[in-house]
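Structure, as structure tokens:
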Amino acid sequence: MTTLTLASIEDGLQQPFAPHDVKYLPKSPKKKESGEWVCLALPYADKRAYEDRLNDLAFGFWSTPYNPPYAIGNKLVIPVTVTVCDIEHTDYGESFLSSLSRKGELHESENSATVAYSQGFRRACAQFRLGRYLYTLPKVWVPYDPTSRTIALTAEQTYQLTMRLYRKAGISLPDPQKNQPGQGHRPSRQLALPERATSHVALTSMNATAPELAPTSVDPIPSSPQVSESTSLAPQEAVAPVPMTSGPVAPSGGVSLTEHKVHWLEQQLKHNGERIQRICEQYSVSTFAELSDAQFEHLANRIFAAQKRAEQKKSGLAPSRRVATASMPDTVQQS
């Protein structure tokens, strides 16, 4: 009997999704001088597309063992481990637990766990190269509906946009019949992975040209739902504020941090040893594992605040206390 190995399915894992499986999340909405709204379109694929690919290639040879979730202020963080052929990768998904309505009323987010888990799952899959190419696709400006806070494209326009980006990135789909809806999530066998794109692709057929606004860099995982700063021009749903203290919390002793929390912190800081050491000194500990839960939450809130400032700077947006809560994939930006 032939034993399935990760090496034997490596090619299939990194193949692109069928164009009809690729969707887009809006980011950095902007009102042009002409009055037209546009936004950056971030490509992603639904969690089911990832599951279908894994089932196609390794049915019965992949799993997602349970990891306990935890909260950081108003954010739910879920570690997600994906195991394929006895090799596992873990990543994290984040989502807000509650948000403020346009009337200023606080309400719970019903799908926080679903959003966070789906984001973490896609991020973990990307470590197997599954769906990772989505982060190398060019970023483009498309029409935006500020009322519904969605991208204003029809299903056909979305499909054509994906095909355009695939061609721009050098991604080849040999059999057109496999690219149509209803054909399943079957991997194609020709893919030239491009370098990370940094330029825009003009969508002249949709009359959406890039406004004079610096594009934001996007880290996949596809790590992720991405939380972005809003402009003051569009109506946005505010996120409930998280109380912050002015300085590092003193160590309180007791139980040390879990392995997942330590890994999450290291990942947010890009495993920068010097930076991690400086932060440990600020909190009077030798390693992140010695942080108390109160210190962990304080540090996490500092990281989130730094990420918001970096996002504002990259987007060229004025500081705002209101943030968009579009559910996506993913990803917390690094400061």
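According to UniProt numbering, the residues represented by the sequence shown are 1 to 335, in order.
Beta carbons: idealized from backbone N, C-alpha and C, even for Gly.
Q: Tell me whether the beta-carbon of residue 40 lies closer than 9 Å to the beta-carbon of residue 129.
A: Residue mapping note: residue 40 aligns to position 40 of the sequence shown, counting from 1. Residue mapping note: residue 129 aligns to position 129 of the sequence shown, counting from 1. Cβ atoms of residue 40 and residue 129: not closer than 9 Å.
Q | Given residue 418 as reference, the closest of 271, 44, 274, 288 once Cα atoms are compared | A | With the chain represented from 1 up to 335, any question about residue 418 goes unanswered, as that position is not in the structure.
**Q.** Three-state secondary structure (DSSP) of residue 4
**A.** Reading the sequence shown from its first residue, position 4 is the one you call residue 4. Coil at residue 4, not helix or strand.
**Q.** Closest by C-alpha distance to residue 34, when choosing among 143, 99, 106, 294
**A.** Stepping through the sequence shown from its first residue, residue 34 is reached at position 34. Checked all of 143, 99, 106, 294; the closest Cα to residue 34 is 143.
Q) What residues are listed by DSSP as bridge partners for residue 71? A) On the sequence shown, position 71 is the one that residue 71 refers to. Under DSSP, residue 71 takes part in a beta bridge, and its partners are 76.
Q) What does DSSP give as the partner residues of residue 143 in its beta bridges? A) Taking the sequence shown and counting its residues from 1, one reaches residue 143 at position 143. Note: residue 143 sits in a beta bridge opposite 38.
Q: Please look up how many angstroms separate the CB atoms of residue 77 and residue 124, rounded, as I've assumed it's under 8 Å.
A: Stepping through the sequence shown from its first residue, residue 77 is reached at position 77. Stepping through the sequence shown from its first residue, residue 124 is reached at position 124. Between residue 124 and residue 77 the Cβ distance is about 14 Å, and since that is not below 8 Å, they are no contact.
(Q) I'd like the list of long-range same chain contacts for residue 5, defined as Cβ closer than 7 Å, with 5 residues on each side in sequence excluded. (A) Taking the first residue of the sequence shown as position 1, residue 5 is located at position 5. Within the same chain, and ignoring the five residues on either side of residue 5 in sequence, the residues whose Cβ sits closer than 7 Å to its Cβ are 85.
Q. What is the rounded straight-line gap between the Cα of residue 67 and the Cα of residue 274?
A. Within the sequence shown, numbered from 1, the residue matching residue 67 stands at position 67. Within the sequence shown, numbered from 1, the residue matching residue 274 stands at position 274. If you take the alpha carbons of residue 67 and residue 274, they lie about 29 Å apart.
Q: Please name the residue, chosen from 278, 99, 293, that lies closest to residue 70 on a Cα-to-Cα basis.
A: Locating residue 70 in the sequence shown gives position 70, counting from the first residue. Nearest C-alpha to residue 70: 293.
Q: Could you name the residues that DSSP lists as bridge partners for residue 291?
A: Working through the sequence shown from its first residue, we reach residue 291 at position 291. In the DSSP output, where bridge partners are listed per residue, residue 291 has none listed.
**Q.** Per-residue burial, residue 311 [other beta carbons within 10 Å of its own, 16 or more giving buried]
**A.** Counted from its first residue, the sequence shown places residue 311 at position 311. Result: buried.
Q) Which whole-angstrom value describes the C-beta separation of residue 21 and residue 49, a residue pair presumed to lie in contact below a C-beta threshold of 8 Å? A) Here residue 21 is taken as the residue at index 21 of the sequence shown, counted from 1. Here residue 49 is taken as the residue at index 49 of the sequence shown, counted from 1. A Cβ-Cβ separation of about 4 Å places residue 21 in contact with residue 49 under the 8 Å criterion.
Q. With a Cβ-Cβ cutoff of 9 Å, do residue 25 and residue 151 count as a contact?
A. Stepping through the sequence shown from its first residue, residue 25 is reached at position 25. Stepping through the sequence shown from its first residue, residue 151 is reached at position 151. Yes, these two residues count as a Cβ contact at 9 Å.
Q) Which residues mark the beginning and the end of the beta strand (DSSP E) in which residue 20 is found? A) Stepping through the sequence shown from its first residue, residue 20 is reached at position 20. Looking at the DSSP string, residue 20 is not in any beta strand (DSSP E), and its letter there is neither H nor E.
Q. Where does residue 32 sit, in a helix, a strand or coil, going by DSSP?
A. Translated into positions along the sequence shown, residue 32 becomes position 32. For residue 32, the three-state secondary structure derived from DSSP is coil.
Q. Beta carbon of residue 121, beta carbon of residue 109: below 9 Å?
A. The residue given as residue 121 occupies position 121 in the sequence shown. The residue given as residue 109 occupies position 109 in the sequence shown. No, they are not a contact pair.
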